[in-house]
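Heads up, the thing below is written out as structure tokens.
Residue numbers (the numbering used here): -11 to 767.
Shown next, in the form of structure tokens:
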């Protein structure tokens, strides 16, 4: 069973939709009662499931490293088809099903101050089969009903048998009701996978294209009012509606009622098992925000050393640019936010400014004592301390596990009691135990004050600075020591920019600005850095309910009945949709290799398997994926069996010529039409010449018969000519035709000379030369 220690999305099955149901519109080009298999060799029956994989399970596995036991299991599959074949609809249904599973288990109400709530989508008719470790989970959505059935692997039968396990789900949402969440089913999510949908197309996941799937006004209004009652800063739907009336557009209200909102606005510590990136608002991607995020993510990656190499992980971009280091300077926007400590007092609405100042200084004293920061003399130290206090408070007011403490802080008045001081101390110590993605920027700020690795530097060389921070990590080993080099990077008060230069610029004389990179170079950074960033974050998620050596829950947490220990996902499914956007063919050809190479450099402690699903039109990407791992979609929306196409290791040009990709040939349509016009002209001139010769040289008694014979013997060719040419032949004014048409011959010769397909060019030249003598005689 160790070969099944991974995640695979096996099949999406579309179900029968009742008549006049919105579900019909959702299915678009796909078909009811049809199975869309992502891998060959999957047999699904009601009582059992069989997997007969022909592809070695270890094909993409990341080689076992000293830090990784067992090796990271990786599967790659693809969904391929032309525009309109249903590729995006397949992904939409995967997202809808996972969204509904999440909404049922975690509930539709607000769970966190900084995250949107989930929406259960009614009228979804489909089921998804997912392999996780030694079981297959069937998740079925049928209108307002959701069920989940587990199939366990039995070694005796070599197949997965249906069970009646307690983890199974079968629930129906009554009209207008709201799912409140099922804590006893959280175990299903703990053993499930986290899905990341990556799509940079400006036409995808626009909430205004899903209006038929909106949550009703009444239900959305109830959820938002409940959120406001629970102390969350939630906009009431009636208020949004009134503002929309004044603005003359319902778009903001429609988006508020859209289920996509719950999957974009994800500041929940990776608890809901699906996220869509990048985030969109009213269908728009904030490109400036993506640019900033890409720089932050790249900063986290460039100091990672490749295993058994001196070269850093993201040292080269597109094979021609070298990242040499990072320029840092004070970020004036961040300075404006944190220069005044009072800006963070909004987290304690009932406390006086004097009380807030006392809490601010108290938090600083706790951190100084715990981390042993003594007499730091750093540039901008007060600015950094203000950021640290702000970040501590923001964490408390963002993540669900601090809901009890959040109530205490909100109720602090003019005087700080001993119990409240103890709560603040508990909060700070608790957060300092957490070396996850949540505290990464916090620790960067704390360690900036503790160590001298940055001090007054304005440029951080990848080589020298990388060696410095690696030594710090390797030389310290206690609870409050840096756990990785990421925690020693520059804190958020600094603006960063990269020193790039061309690989051929040996003297590094000409610096290339990051913002001048091509769209393809930026896109490869956006896509890969986002992927690795999310994986690193998922791997860092701490399970506070069961974490060894962690302090006991505070009394407030014990009293908080809604406290649920953190879900930590060990399996990840990543969907790269429209992956070839902005990519030159060479980037497409090397994408899978670069992706796997990057995975091989990452040090995962918790993640065990990853499925990569590529949705594409590109044969350049398919060349790295076995045919058995490809779902081919026909233009009619049905899956196609294509036995005669080779993919893995196949010649890309051979795939391009296959009728699945180019059923009208591999030549450009305009060039193809131009060549057809040349062929028509040459055939026409040749026929006219023969007709004219009959007219001039054949005896009148035989002329009609000879002309008819010529017509009959060239019947098929004449029928292929444009109508106007056929009419001219019927009129038999051949001298007039020659005078009108043959002056185009030099232009035709120029077109023939442009053609670079040798066989076509030779054939047309040969035909042209047969007519050339006649043209000369007419001159």
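Positions of the beta carbon are idealized from the N, C-alpha and C atoms, including for glycine.
| Asked | Found |
| --- | --- |
| CB of residue 26 within 7 Å of CB of residue 619, strictly | yes |
| Residue 448, enclosing beta strand (DSSP E) - first and last residue | 447 to 449 |
| Local conformation of residue 185 per DSSP, three classes | strand |
| Residue 82 versus residue 518 - alpha carbon distance | 21 Å |
| Opposing strand residues paired with residue 621 [DSSP bridges] | 627 |
| DSSP three-state assignment for residue 89, whether helix, strand or coil | helix |
| Burial state of residue 633, where buried means 16 or more other Cβ atoms lie within 10 Å | buried |
| Option nearest residue 329 by Cα separation, candidates 444, 375, 134 | 375 |
| Same chain, Cβ closer than 6 Å to residue 755, five either side skipped, listed in chain order | 670 |
| Nearest candidate by alpha-carbon position, reference residue 215, set 143, 479, 96, 186 | 96 |
| Contiguous beta strand (DSSP E) assignments of at least 3 residues, all confined to the segment 343 to 404 | none |
| Option in 665, 675, 713 with minimal Cα separation from residue 695 | 675 |
| Element boundaries [alpha helix (DSSP H), containing residue 278] | 275 to 289 |
| Closest by C-alpha distance to residue 416, when choosing among 446, 441, 382 | 382 |
| Buried versus exposed call for residue 146 [16 or more other C-beta atoms within 10 Å across all chains shown] | exposed |
| Beta-carbon spacing of residue 528, residue 421 below 7 Å | no |
| Nearest candidate by alpha-carbon position, reference residue 384, set 359, 413, 405, 402 | 413 |
| Through-space distance from residue 211 to residue 165, alpha-carbon basis | 11 Å |
| Segments of 3+ residues assigned as beta strand (DSSP E) that fall wholly inside the segment 9 to 51 | 22 to 25, 30 to 32, 36 to 39 |
| Proximity to residue 437 [Cα-Cα], best of 478, 744, 664, 410 | 478 |
| Residue 368 burial status per 10 Å Cβ neighbour count (16 or more: buried) | buried |
| Strand pairing of residue 489, partner residues [DSSP] | 310 |
| Close beta carbons around residue 54, own chain, < 7 Å, minus the five adjacent residues each side | Note that residue 54 scores a pLDDT of 46, beneath 50, so its modelled location is shaky; the value from the coordinates is reported in the next line. Within the same chain, residue 54 has no close Cβ partners at all. |
| For residue 131, the first and last residue of its enclosing beta strand (DSSP E) | 123 to 131 |
| Continuous beta strand (DSSP E) stretch holding residue 112: start and end | 112 to 120 |
| Helix, strand or coil at residue 738 [DSSP, three-state] | helix |
| C-alpha distance - residue 275 paired with residue 236, whole-angstrom precision | 26 Å |
| Neighbourhood of residue 202 by C-beta, 7 Å cutoff - its chain only, sequence neighbours within 5 removed | 242, 245, 246 |
| Rounded C-alpha distance that separates residue 103 from residue 273 | 18 Å |
| Distance between residue 184 and residue 440 (C-alpha atoms, nearest Å) | 38 Å |
| Cβ neighbours of residue 240 in the same chain (closer than 8 Å, five flanking residues each side left out) | 228, 231, 232, 270 |
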